[in-house]
Amino acid sequence: MSEPEEIAQEVDEDAGQISGDYRQDNMSAFLKYTFEWKCFYNEEYFEEIHKNSLHGELRASSFRSVCWQILLNILTYPDSKKKKPSAEVGLDNENVPKPSSLCPGECPDEADQKSIVEKWSEHISQCRKEYEELKQSLELDPTLSLVDNPLSQNTESVWYKHFCDTELKTVIRQDVVRTFPGLDFFRNNEHIQQLMVAILFCYARKYPQMCYRQGMHEILAPIIFVLHCDHQALLHALEVSPVDEHLTTILNEHYLEHDAFTIFCKVMASIENYYLINDSTPTSSGYFPPNPNNSLSSITDNHVVSQLYFINEHILKPADPALHAQLYNLKIPLTLFGIRWLRLLFGREFSLQDLLVLWDVIFAESFELVNYVVVAMLVAIRDQVISSDHIECLSYLMRYPPGIDVNSIIEHALHLKYPNLYPEYEPSPSPDPTPATDSNTSNSKKAKKKNKEKRYKFLNIKSRNKMNPTGPDIMEALPIAEETENTVSAHSQLAYYRDIMIKCHSKLSECSTRIECNQNHSKAPVMNQVLRDIKQVSIHYAMPPSPMCRQSQRL
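In numbering that gives the first Met the number 0, the protein residues as written are 0 to 554.
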């Protein structure tokens, strides 16, 4: 056998091995996928879904949309018409729920419990049919009317309704195109945008007392995203082998719009009071125009303001009197930021993935939990709020700081609601300027790690992710003056960061020769990226970039 033939044979063998590994991985994922689906046939799986929701386990589920429909009582088990609160869910000896395995034990025989999923399939098909009928009933073609006048002001006129519908869709679309601008799934995705406009328009017409209000599109968007992810998981499974026919019915991608409408209506039924305003009437087109004389801070006669007052006086004040007093002294009412938090279900305060985890818990526990989430979010940034003035505090609340652990917020919210079932929330301690003793060494290390992350915020995320944590040159430049972290006041923050930049410049200059002489060095791309970041930050802090940064620009 000639050398080229031997090489070709080796390539074929390697390709065959890779293909076999790929098929094996796909089959393993397929078996896990089908096993998770069969767990839904078990009536007792409802409790498992509830517990998995509380512990973030749905993050890895391929059936999150199905779980949401179960938690929202769109799909029901025979004995689970009402959601079971945490107090009724099986707990361990310490009365603390623990994360459980994906499925409880072995699933029962499929034939014994098949009627459950069959009923789900029939119910979903009926919901889809009702939405399709609603959508068709709202489709008006004024050109078919021979006696109607386009200039008619009669509210029963087909032309009048047509112009109102067009105006409403235009208003909805103006909001829809701004949905999650950082995600390609929503940005410049004409199909998804049209789908969202259609759903929100149908909702406004089906529920004229609610109509369309700004912010509803941000409730709809995560629902569509979750459904889409589940549809993609099903398509990947179908590439390996056929699946249960009821599963293909329930997660039929062609009914994304219909299913999203059903879930959206259910969610809105629980939060509609956040949008209702007394003495406010919609336009003839079916939306509520902004009223400059009726700002959020001046509204005192609607449900959401009353709810925020209850949160402030009956949850926040007993839980953290100092934080409550600080907001009172700064004259910052919860309505300034809380109305948006409630109406959007915290959609702008967290990343989409963290938001979905938070929604898992809210859907599992009931929407009453949002009251405690508001307080937990305030407590999570209490140090910043306590030490800031009016403007700084308001900036924290209007633009919630990124990087807050959503799991700690959930943990604290559950403790506030069920103090006997969940352990008391313990926020990360602030670093102690005194040397750490043996008893607090562990806490001190955690606090230092958290503070390091805060100090590295000025660096580009892209370069941070590329950094090798064991790299001796770059990483030595970053940990700076841990003991001075909490001694920096807000007024000297600019000088503090300038000092950081100068020290970074000094440390990075030691590796300039290595970058210049050896561009093939394994860390050269990382070093160059860090230098570019430092140049950007130097400009931001009005400090001239060092020669190192100018060299990086040439590179």
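Every residue, glycine too, gets a C-beta built ideally from N, C-alpha and C.
Reduced DSSP secondary structure (H/G/I, E/B, other) of residue i
i, result
"Y399", "coil"
"Y211", "strand"
"L333", "coil"
"T33", "helix"
"F185", "coil"
"T247", "helix"
"T178", "coil"
"Y44", "helix"
"E588", "No information on residue 588 is available, as it lies outside the stretch 0 to 554 that the chain covers here."
"Y76", "coil"
"P221", "helix"
"F62", "coil"
"Y159", "helix"
"E423", "coil"
"A446", "In this prediction, A446 scores a pLDDT of 45, lower than 50, which makes its location untrustworthy; no coordinate-derived value is stated."
"D140", "coil"
"Y202", "helix"
"N301", "coil"
"L415", "helix"
"S387", "coil"
"L71", "coil"
"D229", "helix"
"D164", "helix"
"Y21", "Note on Y21: pLDDT 45, under 50, position unreliable in the model; no value is reported."
"F39", "helix"
Where the alpha helix (DSSP H) through residue i begins and ends
i, result
"T557", "This structure cannot settle anything about residue 557, because the visible part of the chain is limited to 0 through 554."
"I276", "Neither: I276 is in no alpha helix (DSSP H) and is coded neither H nor E."
"P54", "It should be noted that the sequence gives His, not Pro, for residue 54. H54 -> no alpha helix (DSSP H), and no H or E assigned at all."
"N419", "First-last for N419: undefined, no H or E at that position."
"I380", "Counting along the chain, I380 falls outside any alpha helix (DSSP H), and DSSP gives it neither H nor E."
Residue i beta carbon near the ligand SAM (any heavy atom closer than 6 Å)
i, result
"W67", "Looking at this structure, you won't find the ligand SAM or any other ligand, since it has none at all."
*Kindly confirm or deny that the stretch 196-203 and the stretch 213-231 touch, where touching means at least three C-beta pairs closer than 8 Å.*
yes
_Ranges of the alpha helix (DSSP H) found wholly within the stretch 303-370, counting only runs of at least 4_ = 320-328, 334-342, 351-364
*Counting Cβ pairs closer than 8 Å, one from the stretch 305-312 and one from the stretch 247-257, do we hit at least three?*
no
*asked:* Closer than 8 Å is the cut-off here; do at least three beta carbon pairs connect the stretch 411-424 with the stretch 366-379?
replied: yes
*Check whether the stretch 316-332 touches the stretch 26-35, counting contact only when three or more Cβ pairs, one atom from each stretch, lie closer than 8 Å.*
no
*asked:* I'd like to know if the stretch 133-142 and the stretch 155-170 are in contact, where contact means that at least 3 CB-CB pairs between them fall below 8 Å.
replied: yes
*Are three or more beta carbon pairs between the stretch 253-260 and the stretch 41-53 nearer than 8 Å?*
no
*Between the stretch 58-71 and the stretch 375-387, are three or more C-beta pairs nearer than 8 Å?*
no
*asked:* Is it the case that the stretch 397-405 contacts the stretch 347-359, given that we only count it when at least three CB pairs across the two stretches are under 8 Å?
replied: yes
*the stretch 172-183 contacting the stretch 227-235, beta-carbon criterion three pairs below 8 Å*: no
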